[in-house]
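Beneath this line is the structure, given in structure tokens, with notes to follow.
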Amino acid sequence: MARLIGQKLLTLIPVLLAVSLLTYLLLNLLPGDPALLVLGPQSVSAESIAAVRAELGLDRPLPVRYLAWLGDALTGDLGQSYITRQEVTGAILDRLPVTLELMVVSLVLALALAIPLGVFSAYRAGSRFDKAVTGTTFGLLALPNFIFALLLIFFLSVRFDLFPATGWQPLSEGLGENLTSAFLPALALSVTNIAVFTRLLRTDMITTLQEDHVTLARSKGLPTWRILFRHALRPSSFSLLTVAGLQVGTLLSATVIVETIFALPGVGRLLFDAINSRDLLMVQGVVLVLAVSFVLVNFVVDLLYTFLDPRIRSGAARVRA
Amino acid sequence: MSTTAELPVPPATPDPVAPLLEVRDLHTWFDTPRGMVRAVDGVSFTLRRGASIGIVGESGSGKTVLSRSIMNLLPRKAAVPASGEVLFEGRDLRPLSSKQMRSYWGPQMAMVFQDPMTSLNGVVKIGRQITESLRQHLDLSRQDADAEAVRLLTSVGIPAPERRLREYPHQLSGGMRQRVTIAIALACGPKLLMADEPTTALDVTVQAQILDLLARQQAERSMGMVLVTHDLGVVANRTDDIAVMYAGQIVEKASTKALFRTMRHPYTEALMRCIPRVENPSHTRLDAIPGRPPDLAALPSGCRFAPRCRYAQPECLTENPPLFSDEPGHEYRCFFPVGTAAGAEALERNERAGSTAAGTTMDLLTKASA
Amino acid sequence: MSAPDDAAVPVAPTRTGALVGADAERATPSGTAAAELQAGTQTGVTPLTPDPPAGRRKRGKGVVYWFCLGWLALVVLAAITANWLPIPDPNAIDIINKTAPPLSEGHLLGTDGLGRDILSRLAYGARVSLVISVAAVAVGIIVGGTLGMVVGYFRGRLETSVMAVIDVILAFPGLVLLLALVAFVGQSLLAITVVIGFLSIPVYTRVARAATLAVSQREYVLAAGLMGGKTTRILFREIMPNVILPVAAFGLIALGVVIVLEGSLAFLGLSVEAPAATWGSMIAEGKRHLDDAIHIALIPSVVMFLTVLSLNLVGDVLRSRFDVREANL
Amino acid sequence: ACGGSGGDDEEEAGGAATLATDNPEPTGEPQEGGSITVALEGESNGWLPGTSAAAAPGYNVLYSIYDPLIMQTAEGTYEPYLAESIEPNEDFTSWTMKLREGVTFHDGSPLTAEVIAQNLAILKEPTSNVAGALAEVTGATAVDPLTVRYDLAAPNAAFPALLTTTPGMPFSMENYNALGKDGANAEPVGTGPFVFEEWRRDDQLTVTANESYWGSDLGLGPYLDEITFRPIPDEDSRLQSLLSGDVDAFQTLRQSVIRQAQEEAADGGMALHTFLGNNAGNSIFNTLVPPLDDPRVRQALTHAVDQEQLIEVLGGTGISPPQTQFFSEESPYYSEAVAEAYPDYDPEKAEQLLQEYIDDPQRSDGLPVGSPIAIEYNCQPDPSLVELSQAYQAFWSNVGVDVSLNAVDQASHIQNAIGSPATDPPFKGDFTANCWRSGSQNDPYIVLRNEFGPVAKQPLNFTNYTSDVIDEQLQVLATTQDLETRKEAVEKIGLDLAENVPQLWTGATATLIGTRPELQNVSGWELPSGAEGIGTGLFTGGTALWGQTWLADAE
Amino acid sequence: MAGSGTAHLRDRDDIVLTVEDLVVEFPLGRGRKVHAVSGVSFDLAAGETLGLVGESGCGKSTTGKAIMQVPRPTSGSVRLRGRELTGLHGDDLRKTRPQMQMIFQDPISSLNPRRRVRDIVGEGLSIWNRDRDGAARSRVEELLSAVGLDPETAGGRRAHEFSGGQCQRICIARSLVLDPDVLICDEPVSALDVSVQAQILNLLEDMKARYGLTMLFIAHDLAVVKNISDRVAVMYLGKVCEVGPAESLYARPTHPYTNALLAAVPRPDPEAGSTSVPLEGDVPSPVDPPSGCRFRTRCPRAQERCAREEPLVRPVGEDHFVACHFPVHAADAPADAVAGVATMS
Ligand SMILES: Nc1ncnc2c1ncn2[C@@H]1O[C@H](COP(=O)(O)OP(=O)(O)OP(=O)(O)O)[C@@H](O)[C@H]1O
Ligand SMILES: Nc1ncnc2c1ncn2[C@@H]1O[C@H](COP(=O)(O)OP(=O)(O)OP(=O)(O)O)[C@@H](O)[C@H]1O
Ligand SMILES: [Mg+2]
Ligand SMILES: [Mg+2]
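Residue numbers (our numbering), protein chains in the order written: chain A, 221 to 541; chain B, 722 to 1091; chain C, 6 to 334; chain D, 1154 to 1708; chain E, 441 to 785.
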């Protein structure tokens, strides 16, 4: 197993290298000079620009800068932001918990809603319940999350005052506080996923429920819930798992919107602001960290497969194809 | 969890005089966009305690639907609420909800499926698949259930059963998997075992092993067994009775010996003749049955086999033959049974005409298709 | 597809001489025989399919399915004929009459924050939204689909490297790419379409690859090779027709996703440049008026909902018809 | 505005703005205690003067941690705040400032003339973002421990105005030397009413009451125990946060949100502190780029636009009036003559002017006679600005100008406006027409010199417009403090601008701080001298001196 | 059993296909591999049908495909009319395709669901540009009629409109369109019902007679194989155990495995009585096959020698060969009988 993990991790390196190089090129080709933004309109002059560029190291040629950055990045040092003068690593580490928690809570929420919905609408496929679920999920798919987020704020915090409208309570403020502040944004973030996961699970579940082993389980006289959740769910959850892993990438983009509306100090907003202020090193650092997380998450998904499906574990699936 | 709470209707006390299983005029139809598919269309038979019956028929003749109807395992939504009764120890199972059926499934009746790979759950360990019904129905502790599972695996001839309990289905060979499904079916000591083509997915040598195992277990535990297959050869010496199905109906039913001795229905005869035999020399021309079974959604009036039958007479086309019987226990649906004067006469008439009443040329029927 | 079923009552049609001619199996031109052939095939081949709702779903969905198709047709029609429809200029600003509610005089669905006619903007917006989604999906299908197909057929090192590139695209935050590209070439329809299309390539590659993997194992592909068919011929004649449908069915559903995605981009100010109407930008603009004129955001949202719903339902039906599992996206 | 306290409107006339007069007056005596959360539009990249690029929201924080040496009064004059006094020499080339005794920074270090001089050195470093503003200051000398002399390269009668913002906010050198520039930027130490406590970027910044504030005895606060500043970028959720009680005050520059807040305030759930100053939206034209280098085209474009409707688009009708010059009606520098001269809404006139240009064989864009005019209009992708651009586009299209709209992100927008030092002239800018924002409460000399100073030296001259009239009058402004003379000079500049329209006005911008009703004295604060302060119009608006606010019912 | 050797290869002029010492291995990663076919040899004379039987997974299909060079065998030689195929590449190999064709077990998956029957059957002609003056069309029609389908109506349909039996007919028509010399049938009737199976078996016989085919017929059902074959080869776990003329092999199965297979054939005769369970256990994994004789783990006659020494193919009758140290009907023969000495006469 350790060897498998090692091998897999090795293949990730080129992917990460490519991502970082791509970001570097892309950002450096962007029009605009960070020096100008650092200085602000009042103080720009040829000399001051040159001074700032020298201070930021922007006067070195691109490949040199990239390699220097890469070398530092390997030691965990992602440089210092041009604009906010923060250590990029520190800035990201400050924000990462927020975004991670947001994504985890939103995935958990989405799964917690989608699994029972998907399972029961598959079990009662064609019923009124199923139709209602179908309608709702498509509705969620079509609802832009910024509108959904505002509706949530309007109803759940302004009208009924159940959750704070904006802001983040770190875990240090207590778990309850933390979770209440994370709930609305996570919910807003999970709309699409609730729908996608439910649809996906429903389809796979219908297929699984047609399989003989389910009939066999029934013919053993097991209760329905047991058949659904202990027998049918696991073999039906592979595409769900894959998509959940891939959604991590999509979620990151969605966090930009959610973090803006709910005023959360997350990585999405950091990235967005950094792009908008041409904070190249910050963007570069964030992209790298995001890529690493994405790759890691999908790596974990791969491992989960082997957990969920013993056939993959032994590699025996291929011999008796 | 306590299982008793989930058994709202304990099985009625068995009626000692009633046969183990009595199927009376069972119909299972499916309402599909294509039309009403009459998958099982008036099937009746009786199975005594400890006896076995083989149900034989081509693909699509309704064998699986019949066996699942008996088990009450068909999805309720698909099947049209159909007429007929399935009396298990005198009690009709058909009206029971699946909640009520749960007390039958396992301890009273159990099932073995065609493909052991798909009928075992690939992600659940063998042990749990066996013990869960034990724990559900017999309220055994985990240890007791495990011990019982080991005993069961031993009885179906699996070496090193303790180790196997901790393995997954894919780690077993096909034959072993099928033995496991048999062990699962036998777990709660059912009175009735339904085996739906239990060997079709297996190798010839393993097939023989499994069939022997089934026959042995059935005899040892004196269970009733319904053995479904498409191969007459498979059931030839393993069941007491045989019922031949064609297009949703039983066209001939007799004790195994009687059936092979004096087959009455032309379909049974044709089926028998199209099987290649090892005894015959190479390149023996086979008597194939031309044509195909009718569409169950658009059945012809009259005898369902008539278009492919050598004996077909005009009345075969208009009237579906009822069950005839010329010796006790031997029933068939044919106006012109094989081996009778009527049959011989019909055959001769058709041969003279060169074609049957259904319009099929005799040439084709006797010489088999090309 | 939803043939009315009045044969529910078991009345068998009288049929004599069903087997005409020399061979029972021969497909005769007679209508009944043809029907029988078809039906018979199903009994002969179809394994027991106890999908309970399968039969009913199709019939039950009939109305909804047609409604969805109708709605899509309406949207497409409106987009195409927007120029000739008797609706006001979508960009004609009438600030005095801004945020007029639906059913106002001259404005069936009211006006937006600049007093522009919402109905007209919806019709013209359908154009942009459809062009973006159709073109982005087309880019995804053509590039991603081809890639997935080729890779799924040849496997080996090619597959490993292409899938690594796909991983790079997946791991790269799309937002960065989008912002960068917009900064380069501006918010042209083309740029946005290309970026969305590019970002969706991995999905189609995966779908096409999964389908190809399944198809290439089919013996007809082997048979074509054994006939002496060249690789390109096999790819395009044998594999593509079988891969294109699942990919297209997926694309149909993805159309809806792209329409919604465009809305999110509009929120971030990254969609097509103003004043061109898109549904997404209409909703984003309406967000500002949620409290006093909710219809500005609501109407395009509902239109988007209906369209996405229709695309998904139609896609679902088509997909179930081609029997491709949603798995392995 | 409906919920105002009414009363002494008349007496306040001549104050900052009409809207401000409706602002609630503090009731009762100041009370100590309580903490509040203030929602801001955004935050700054840091809090060290010269390094932080603060905008209106950031000044809420800066004025809490730092004290400005000088502060503007409600009348628009400049008076010492942290400084005790400031006096020029005759020709305004040297200013001598006396500091208060006994003022210490939060870290305990004393505020001395030496510190001011060192501060200035840092602020004048080339990488400082106020280096440009301080370019004319050749140096600061500590004459004695509490006296500083600023020497200027050229006369500037309005020099004190410079010291109201970051160039005039003393920061602790001890802290600077200990933490370095970046450290001091993240953990600021000033002399202000509140002590910096903690900053979580993009999340919140907390300050606590300065127990040894020099101004406490002068009635300058602080009353609150703690303030949390939170950046909430989304306009809608910022307002909702106040409504849901998550925050106690919020700030906005968006007219439609102000209107929404007014509706909510009518139910009594909110107190509004609005301010209408010189801050206004406009469009700037690059007068070095054809066809906008021709004044006829600029005039035509101005005639083509109906400001009333633009204000309606922004949701500012009834809140923000039309604008014709750099100074609002309430400003002493407002000129009736300029208002008259500013091109009114007259599409026919616009068409006629355009036609002249189009038919001019010498037309500057070099296109053949008769071919229509095309321009590009750039603006940020903010929803309300997007609507505004579209309105511009509609007006200009009406008179036959082909306008293409570009949405440009904030960073590029500013960069394009500045341009690069490599062009000829330097900082020519990379745009045709931009949506923009101009006008501040600052002294006219500073404002106008920035906007229309010599092109080659002044990157802030985005329009690249200069004229002899302006050069002359700027000279006048630099060398006199006499209000009448200065007004005259400003008027002459205004007339020149109204004729040549290097920028056209979109409408005044009202700003708002909305608070819980219990929060007192948000806009009614005072200077040490007892003079009334400029209220929420501090900096460019939407800014308050939180040190002087208190909670009415604080437990 | 399960031995190697080439003693059964015949030296005749009319040999069309010779397979010698064919080995196919599939890598599993980490140095492990599936020994799917391990040294199989046989030959086919013109007009002859060789039946290949054996349990599932013993390498029958792999053998068939390796002959077709998909995938290329790991080692060994395949000669078609004396021409070595294993060395051919690209176009050279492609040019030999028309001479050899294959029919697969699953008729449905052998037909592209998106194409019309006419195109499927005519595909070979269009690949090889044999469509001169509509020759292709008439050839396709001829073949469709030959396999019992009405070209008029069937030609324009797609595969899903046909039953399994009909699909298999289409496959047969397709394989014959290029006039191949050799036809490899990989379990063409295993997926079909007994009644349809008979139709197809008869059809294959007819086609063979009509087009002068040489056939390799793969199946696991001994009765089916006997019906159609002239000679039969029995395979076990990648090796050949017994080869001989159908009649002699069935009458006197010499190899214990052949014996067991025959005993396992279900006989539609209640009087025949249940045959004793012939074999214990399951087929070992082809990943690490047993040493020596591969059948020894299940063989009732296995001795210690079988684990050590791999039996070679040796004659036990006229044209009848077996690879076993202790053959059934040759118990009297010395176990180490010298190859070439016919003990059964
Ligand atoms: N749920 C269902 N809905 C509609 N038709 C069905 C359904 N289940 C079975 N059928 C049809 O009923 C008929 C009988 O099917 P069944 O599976 O019982 O045949 P079988 O004899 O078991 O065949 P096989 O040997 O292939 O298993 C077939 O025509 C089948 O298509
Ligand atoms: N592509 C492959 N990769 C790995 N192993 C393979 C591959 N193809 C076949 N095998 C293995 O090779 C062995 C022989 O397979 P083959 O398909 O030839 O058997 P068969 O005799 O045709 O069986 P069946 O009767 O089931 O068709 C099996 O163990 C199979 O799992
Ligand atoms: Mg069946
Ligand atoms: Mg095979």
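Note that beta-carbon positions come from the ideal geometry of N, C-alpha and C, so glycine has one too.
Check, Outcome
"Beta bridge counterpart(s) of M542(E) as assigned by DSSP", "I624(E)"
"L932(B) - containing alpha helix (DSSP H), residue span", "925-942"
"For R519(E), three-class secondary structure by DSSP", "strand"
"T785(B) CB to nearest heavy atom of ligand 3 below 7 Å", "yes"
"Host beta strand (DSSP E) of K1610(D) (start-end)", "Counting along the chain, K1610(D) falls outside any beta strand (DSSP E), and DSSP gives it neither H nor E."
"Backbone CA spacing between L462(E) and S517(E) [nearest angstrom]", "6 Å"
"Cβ contact check for the segment 308-327 of chain C and the segment 82-90 of chain C: 3 or more pairs under 8 Å", "no"
"Validate contact between the segment 920-929 of chain B and the segment 751-770 of chain B using beta carbons, cut 8 Å, 3 pairs", "no"
"S1593(D) versus A1586(D), L1601(D), N1587(D), residue with shortest Cα-Cα distance", "L1601(D)"
"Cross-chain neighbours of R707(E) in chain B, by beta carbon under 7 Å", "G954, A957"
"Partner residues on chain A for F177(C), Cβ-Cβ distance less than 8 Å", "V239, L242, T243, V507, A511"
"Presumed contact (8 Å Cβ cut-off) between V972(B) and R1054(B), rounded CB distance", "5 Å"
"Buried versus exposed call for Q637(E) [16 or more other C-beta atoms within 10 Å across all chains shown]", "buried"
"Short Cβ contact (8 Å threshold) for Q1701(D) with L1373(D)", "yes"
"Where G226(A) sits in the DSSP three-state scheme", "helix"
"Identified DSSP bridge partners for A1192(D)", "R1383(D), F1403(D)"
"Minimum Cβ-Cβ distance from G150(C) to chain E less than 8 Å", "no"
"Assigned secondary structure, I249(C) (DSSP; H/G/I helix, E/B strand, else coil)", "helix"
"I264(C) versus I1472(D): straight-line alpha-carbon distance, rounded", "37 Å"
"Local conformation of T48(C) per DSSP, three classes", "Unreliable positioning characterises T48(C) in this predicted model, as indicated by a pLDDT of 26, which lies under 50. A coordinate reading is not provided."
"I548(E) (DSSP reduced to helix, strand or coil)", "coil"
"The segment 401-424 of chain A: positions lying closer than 9 Å to chain D by Cβ", "none"
"Per DSSP, the bridge partner or partners of Y1231(D)", "Q1225(D)"
"Separation of A293(A) from P234(A), as counted between CA atoms", "15 Å"
"Pairwise C-alpha distance: P1014(B) and A968(B)", "7 Å"
"At least three beta-carbon pairs within less than 8 Å, the segment 1024-1044 of chain B to the segment 671-687 of chain E", "no"
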